[in-house]
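To start, the structure itself, in structure tokens.
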Amino acid sequence: MKKLLGVALGVLSAIGGFVDMGDLVANAETGARFNMNLAWVVLVGVIGIIVYAEMSGRVAALCGRPVFDLVRERLGPRFGMANLLASFFINSLTLTAEIAGVALSLSLVSSVNYLFLIPVVAFLVWLVCWRMSFVMMERIFGLLGLCLLVFAVTVWKIGPDWNELFSATTHPHVPHSETVFTYAYFGIALFGAAMTPYEVFFFSSGAVEDGWTKKDLGENKINVLIGFPLGALLSLAIMACAHLVLAPRNIGVDQLSQVALPVASVMGRLALAIALIGIFAATFGAALETSLSAGYVVAQYLGWPWGKHNAPRTATRFHVVIALAIVGATLFGLTGVDPVKVTEYSIVLSAAALPLTYFPILVIANDPRYVGPDHTNGRFLNALASVYLVILVLVAIATIPLMIITKGGS
Amino acid sequence: MNVPATPAIAGRVLHATLDLLDRQLRDRNGKLCGNVDDLEITRDESGQMFVTAILCGPGILAYRMGRRRLGRWLEEANRRVHDTPSHHERGERTRIPIELAGEIGPTIEVAVDVDDLASHDMERWTLQHIIGHIPGNSSRAHQ
Amino acid sequence: MRISDLLEYSVVSADGARLGRISDVRVIQDGPLIGGIQAAFRIDALVVGRGGLAERLGYVRGRVEGPWMLRVLFGRLERRAQVVAVADIANWDDDTRTIHLVADHHRGRRTLET
Amino acid sequence: MPLGKRRRRLPAGVAGVAGVAGVVFVLTAGALASGCSEHSVGPARTYDDYERKSRTSAEVALSAVETVRLLAETSSDGNAWGAYTSVSISEQEDTLAEVQGDYASIQPPDHRSDDLRAELTDLLSTATDHVAAVRIAVRRGNLDGLEEIAQPLIDDSDALQQFLDSIER
Chain A
862 MKKLLGVALG VLSAIGGFVD MGDLVANAET GARFNMNLAW VVLVGVIGII VYAEMSGRVA
922 ALCGRPVFDL VRERLGPRFG MANLLASFFI NSLTLTAEIA GVALSLSLVS SVNYLFLIPV
982 VAFLVWLVCW RMSFVMMERI FGLLGLCLLV FAVTVWKIGP DWNELFSATT HPHVPHSETV
1042 FTYAYFGIAL FGAAMTPYEV FFFSSGAVED GWTKKDLGEN KINVLIGFPL GALLSLAIMA
1102 CAHLVLAPRN IGVDQLSQVA LPVASVMGRL ALAIALIGIF AATFGAALET SLSAGYVVAQ
1162 YLGWPWGKHN APRTATRFHV VIALAIVGAT LFGLTGVDPV KVTEYSIVLS AAALPLTYFP
1222 ILVIANDPRY VGPDHTNGRF LNALASVYLV ILVLVAIATI PLMIITKGGS
Chain B
146 MNVPATPAIA GRVLHATLDL LDRQLRDRNG KLCGNVDDLE ITRDESGQMF VTAILCGPGI
206 LAYRMGRRRL GRWLEEANRR VHDTPSHHER GERTRIPIEL AGEIGPTIEV AVDVDDLASH
266 DMERWTLQHI IGHIPGNSSR AHQ
Chain C
13 MRISDLLEYS VVSADGARLG RISDVRVIQD GPLIGGIQAA FRIDALVVGR GGLAERLGYV
73 RGRVEGPWML RVLFGRLERR AQVVAVADIA NWDDDTRTIH LVADHHRGRR TLET
Chain D
175 MPLGKRRRRL PAGVAGVAGV AGVVFVLTAG ALASGCSEHS VGPARTYDDY ERKSRTSAEV
235 ALSAVETVRL LAETSSDGNA WGAYTSVSIS EQEDTLAEVQ GDYASIQPPD HRSDDLRAEL
295 TDLLSTATDH VAAVRIAVRR GNLDGLEEIA QPLIDDSDAL QQFLDSIER
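Same order as they appear, the protein sequences are chains A, B, C and D. Sequential numbering of the first sequence, starting at 862, is according to my numbering. Sequential numbering of the second sequence, starting at 146, is according to my numbering. Sequential numbering of the third sequence, starting at 13, is according to my numbering. Sequential numbering of the fourth sequence, starting at 175, is according to my numbering.
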């Protein structure tokens, strides 16, 4: 029973880890602009994160090494350092977006300007990183994140033509009002949101925090195989809501409040409240994950003691890096940059950096000295992972030119 | 007397950059205590070469990454600040004799104390000047 | 000397041909007993190649199993590296950071696989 | 030892990543700092260029107008509370004001553009007035009557749509 509970909670945290500010914004935005013509990207993305998160969790369980340790061991200290700087920068942008997302969701219930809420949210994020246990944190925000299911209920309540939804997903085309370039750019944004690198930094470090061993390999599989697809389902529901309610009215999404608007207009006040709780939990959970990830990547690159399973006084530099990342993100957020824009840039840049993170994971998951001869990747998994590695590299190459051609998707 | 956790297998073959460099180090109490930032190589008169020590610390990493002058300066500064007589007995604080290495795997266990290593200085400084002043620093979060 | 210094040395054969730069060293733990506990870590051979990612990943030396695509690509690149026995070193030139080999360094030819 | 003098050449991979990272950093920082957004505008040199910018501005305005309409409707049906409606409407009002300001600052390149400018400027300012009226009502707590007050926005929306159709032709 207790074991079952553990699995259920792991699944919840996987959902929480999948849906964040980036997914909320990217899915609603593309649903409103491209209808369901980019839904397939979410599916491609979720398979990718399943494949690579499983590997990172397995490696962490078998040899206790999380992702950023492997990055330095496989790529060397210089290349590893370049990777560290890029990852830290992108992670900080994501953290800014998540903190702003929490503040925005709170402003929608309090009418306080979100800029005033940013420092408060940042302090709370820091406090949770400082005090709350890892397990507790996963449970609370994973569970509350389930409130996002209200988006799926909304789609069901609208009662759309399911055949039409399905065929748009399987037979996508570029809408008349868009160009191939904007289509590709938003495709990359969705892909980046689905496979954001902090998800594996956090997932693999979390495996070490939770003290996973060989016995937990089953739990690892269940977590990624149930948790991430459920997360993808939520993403698609958000996209479908925007497609069904916002697109027919020519509404484009440029505010977080618009993401929840379909739920309110179709389902009413209570549903709106549930959606906002879900958005709050997803962004707050992601703010915690990105704050911790800032500490994880630096500490793991340099070999410092890290983790919430230690008291802060036995992982001091780790906690200082977390605090600095939060302060940096807060100051950046307070300059009044558009949170939705920051989110877009963070997921697109994530897409550009994907191979840096995922390549070392793939190599190590095949290295018997790390995972033992019985737990290296099977043929099928390797074939799939290789296909994804090619996709990741192509996406990374295409990202920056597309960003320039489309002027950031306009 | 420093005794490694597990006796090493005689005659085993390792590749220095593949199996040793950049690996995570754990001290005798299982604490994370830095990475293998560099290795010391000793050449004897007969031309034989041996890996004689694991080197670890901020100056060492800077040196390895091509910042030779900065690396040496950092090492020298660290030595001046910390090399008390008791440390003399152990040699430098950035050097772990290879015979103290126990298990060599994804993690390398070394029979030293994390507090005797230069890689831990900033950790202590941070504790004394920052983390130590924040309430709740010593409690492990409740499960 | 540190290994980061050693990795800057080029290796030149007796007839003046440049074999490449040292990218790894093979260590065999069969030296005299040190500290009364374990055998010394004797350096047996130098891996000489062009450097680069392939020689860091260790598809051949570390027997990394897959995936096929990477094993073929990086395995092939890694196999271009040569293994030179330490015993075949004739002399060291620290100014130009070059290691000169004896004339018949091919005699005890070693391979990357161990 | 001459070791310090000869700096090791960076492997190509590192230089590449560092270079790309640098470029990306500058691009992002620049884009975010300049407030580069979907409705950002630069100089227009030709009529086509001006027309394209007019279209983008009209699209963003249409989205804002429709969002406010939907919010008003939702609110009148009792499906949202005051804070949500009020904050969301203010956001759209800001967007509209921004579009209006940006559009006004583009220099029309020729006489044909003047007509376009006159038409859209007019539409934008009427829409802004109507949205402001909705915002004022919501701040006064008149949530139930919002749909009524948002009525004029239907015409604004139609007019913007027509404007878009006319240049889409």
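For glycine and all other residues, C-beta sits at the position ideal for the given N, C-alpha and C. The structure presented is a predicted model; accordingly, all values stated were derived computationally and were not measured.
* Tell me, please, whether the segment 961 to 981 of chain A touches the segment 1089 to 1106 of chain A by the rule of three or more beta-carbon pairs shorter than 8 Å. => no
* Any chain A beta carbon closer than 7 Å to Glu315 of chain B -> Residue 315 of chain B lies beyond the range of chain B shown here (146 to 288); nothing can be said about it.
* **Interfacial residues, the segment 274 to 289 of chain D to chain A, with Cβ spacing under 8 Å** => none
* Could you check the C-alpha separation between Leu298 of chain D and Leu338 of chain D for me, to the nearest Å? => Here residue 298 of chain D is taken as the residue at index 124 of the fourth sequence, counted from 1. Here residue 338 of chain D is taken as the residue at index 164 of the fourth sequence, counted from 1. Near 13 Å, if we compare the C-alpha coordinates of Leu338 of chain D and Leu298 of chain D.
* Asked: Going by the beta-carbon positions, is the gap between Thr1057 of chain A and Ala922 of chain A smaller than 7 Å?
  -> Here the question's residue 1057 of chain A lines up with position 196 in the first sequence. Here the question's residue 922 of chain A lines up with position 61 in the first sequence. Contact: no.
* Relative to chain A, which residues along the segment 158 to 169 of chain B have a C-beta separation below 7 Å, given in chain order? -> Asp167, Arg168, Gln169
* How many whole angstroms separate the CB atoms of Met1100 of chain A and Thr955 of chain A, which I take to be in contact at a CB cut-off of 8 Å? -> Reading the first sequence from its first residue, position 239 is the one you call residue 1100 of chain A. Reading the first sequence from its first residue, position 94 is the one you call residue 955 of chain A. Not really, about 20 Å apart at Cβ, beyond 8 Å.
* Asked: Is it buried or exposed for Lys1169 of chain A, if we count other Cβ within 10 angstroms and need 16 for buried?
  -> In the first sequence, residue 1169 of chain A corresponds to position 308, counting from 1. The residue in question, Lys1169 of chain A, is buried, as its Cβ has 16 or more Cβ neighbours within 10 Å.
* To do: State the DSSP-derived secondary structure class of Trp987 of chain A, mapped to helix, strand or coil.
  => For the purposes of this step, residue 987 of chain A is identified with residue 126 of the first sequence, where counting begins at 1. In the structure shown, Trp987 of chain A sits in a helix (DSSP, three-state: H, G or I).
* Asked: Between Ile328 of chain D and Thr1218 of chain A, what straight-line distance do the alpha-carbon atoms span, to the nearest angstrom?
  -> Residue 328 of chain D sits at position 154 when you count from the first residue of the fourth sequence. Residue 1218 of chain A sits at position 357 when you count from the first residue of the first sequence. Cα to Cα, Ile328 of chain D sits roughly 50 Å from Thr1218 of chain A.
* **Neighbouring residues, chain C, relative to Val257 of chain B (Cβ below 8 Å)** => Taking the first residue of the second sequence as 1, we reach residue 257 of chain B at position 112. Simply none; closest approach about 13 Å.
* Glu220 of chain B burial status per 10 Å Cβ neighbour count (16 or more: buried) -> The count along the second sequence starts at 1 and reaches residue 220 of chain B at position 75. Buried, since its Cβ has 16 or more Cβ neighbours within 10 Å.
* Val1224 of chain A CB to nearest chain D CB: under 7 Å? -> Sequence index remark: in the first sequence, residue 1224 of chain A carries index 363 (1-based). No, its Cβ sits nowhere closer than 7 Å to a Cβ of chain D.
* Arg1230 of chain A versus chain C: which residues are under 7 Å apart at the beta carbon? -> Against the first sequence, residue 1230 of chain A aligns to sequence position 369. Going along chain C in sequence order, the residues near Arg1230 of chain A (Cβ under 7 Å) are Gly74.
* **Exposure of Asp289 of chain D, with buried meaning 16 or more beta-carbon neighbours within 10 Å** => Here residue 289 of chain D corresponds to residue number 115 of the fourth sequence, with the count starting at 1. Label assigned to Asp289 of chain D: exposed.
* To do: Please list the partners that Ser972 of chain A has in chain C, where partner means a Cβ-to-Cβ separation under 9 Å.
  => Counting from 1 along the first sequence, the entry for residue 972 of chain A is found at position 111. By Cβ distance, chain C contributes nothing, its closest Cβ being about 54 Å from Ser972 of chain A, past 9 Å.
* Can we say the segment 1171 to 1187 of chain A touches the segment 1018 to 1038 of chain A, given the rule of at least three CB pairs closer than 8 Å? -> no
* To do: Decide if Glu1205 of chain A is buried, meaning its Cβ has at least 16 other Cβ atoms within 10 Å, or exposed.
  => On the first sequence, position 344 is the one that residue 1205 of chain A refers to. Looking at its Cβ environment, which holds 16 or more other Cβ atoms inside 10 Å, Glu1205 of chain A is buried.
* Asked: List, in order along the chain, the chain B residues whose C-beta lies closer than 7 Å to that of Ser16 of chain C?
  -> The count along the third sequence starts at 1 and reaches residue 16 of chain C at position 4. Chain B residues near Ser16 of chain C: Asp183, Tyr208, Arg209.
* To do: Could you tell me the distance, in whole angstroms, from the CA atom of Arg219 of chain D to the CA atom of Ile280 of chain D?
  => On the fourth sequence, residue 219 of chain D is found 45 positions in, with the first residue counted as 1. On the fourth sequence, residue 280 of chain D is found 106 positions in, with the first residue counted as 1. Spanning the two alpha carbons is a distance of roughly 10 Å.
* If I'm right that Ala1172 of chain A touches Asn282 of chain B with Cβ under 8 Å, what's the distance once you round it to whole angstroms? => Position 311 of the first sequence, counted from the first residue, corresponds to residue 1172 of chain A. Position 137 of the second sequence, counted from the first residue, corresponds to residue 282 of chain B. Contact holds; Cβ gap of about 7 Å.
* Member of A:Gly925, A:Leu1250, A:Glu1150, A:Val970 whose CA lies at the smallest distance from the CA of Pro1214 of chain A -> If you number the first sequence from 1, residue 1214 of chain A lands on position 353. Per the sequence shown, residue 1214 of chain A should be read as Ala rather than Pro. Answer by Cα proximity: A:Leu1250.
* To do: For the segment 984 to 1009 of chain A, enumerate the residues whose C-beta is nearer than 8 Å to any C-beta of chain B, in chain order.
  => Trp991, Arg992, Met993, Ser994, Phe995, Val996, Met997
* Asked: DSSP on Ile279 of chain B, reduced to helix/strand/coil?
  -> Taking the second sequence and counting its residues from 1, the one referred to as residue 279 of chain B is at position 134. If DSSP states are grouped into helix, strand and coil, Ile279 of chain B belongs with coil.
* Asked: Hey, Ser264 of chain B and Gly202 of chain B: beta-carbon distance below 7 Å or not?
  -> Position 119 of the second sequence, counting from 1, holds the residue named residue 264 of chain B. Position 57 of the second sequence, counting from 1, holds the residue named residue 202 of chain B. Yes, these two residues count as a Cβ contact at 7 Å.
* Run of the beta strand (DSSP E) containing His112 of chain C, from where it starts to where it stops -> For the purposes of this step, residue 112 of chain C is taken as the residue at position 100 of the third sequence. It spans 110 to 113 - the beta strand (DSSP E) in which His112 of chain C sits, taken as one unbroken run.
* When you compare only the Cα positions, how much space is there between Lys1076 of chain A and Asp36 of chain C? -> Taking the first residue of the first sequence as position 1, residue 1076 of chain A is located at position 215. Taking the first residue of the third sequence as position 1, residue 36 of chain C is located at position 24. Computed Cα separation, rounded: 36 Å.
* Closer than 8 Å, Cβ to Cβ, to anything on chain A: give me those residues from the segment 29 to 42 of chain C, in chain order. => none
* Do three or more CB pairs link the segment 943 to 958 of chain A to the segment 185 to 194 of chain B at distances below 8 Å? -> no
* Terminal residues of the alpha helix (DSSP H) in which Ile323 of chain D lies -> The sequence position of residue 323 of chain D within the fourth sequence is 149, counting from 1. Per DSSP, Ile323 of chain D belongs to the alpha helix (DSSP H) from 320 to 323.
* Could you check how far apart the C-beta atoms of Val24 of chain C and Leu113 of chain C are, in whole angstroms? I think they sit under 8 Å. => As a working note, residue 24 of chain C is residue 12 in the third sequence. As a working note, residue 113 of chain C is residue 101 in the third sequence. 7 Å between Cβ atoms; contact.
* Asked: Hey, which unbroken runs of the beta strand (DSSP E) at 3 residues or more fall wholly within the segment 279 to 337 of chain D?
  -> none
* Among C:Arg30, C:Asp17, C:Asp42, which residue has its Cα nearest to the Cα of Gly61 of chain C? -> For this step, residue 61 of chain C is matched to residue 49 along the third sequence. Closest option to Gly61 of chain C, Cα to Cα, is C:Arg30.
* Asked: What first and last residue would you give for the beta strand (DSSP E) that runs through Asp223 of chain D?
  -> Taking the first residue of the fourth sequence as 1, we reach residue 223 of chain D at position 49. Run containing Asp223 of chain D: none in the beta strand (DSSP E); it sits in the alpha helix (DSSP H), 221 to 250.
* From what residue to what residue does the alpha helix (DSSP H) around Arg83 of chain C run? -> One-based indexing of the third sequence puts residue 83 of chain C at position 71. Here the alpha helix (DSSP H) through Arg83 of chain C covers 80 to 91.
* To do: Could you please give the first and the last residue of the uninterrupted beta strand (DSSP E) stretch that includes Gln169 of chain B?
  => The residue given as residue 169 of chain B occupies position 24 in the second sequence. 169 to 171 is the extent of the beta strand (DSSP E) around Gln169 of chain B.
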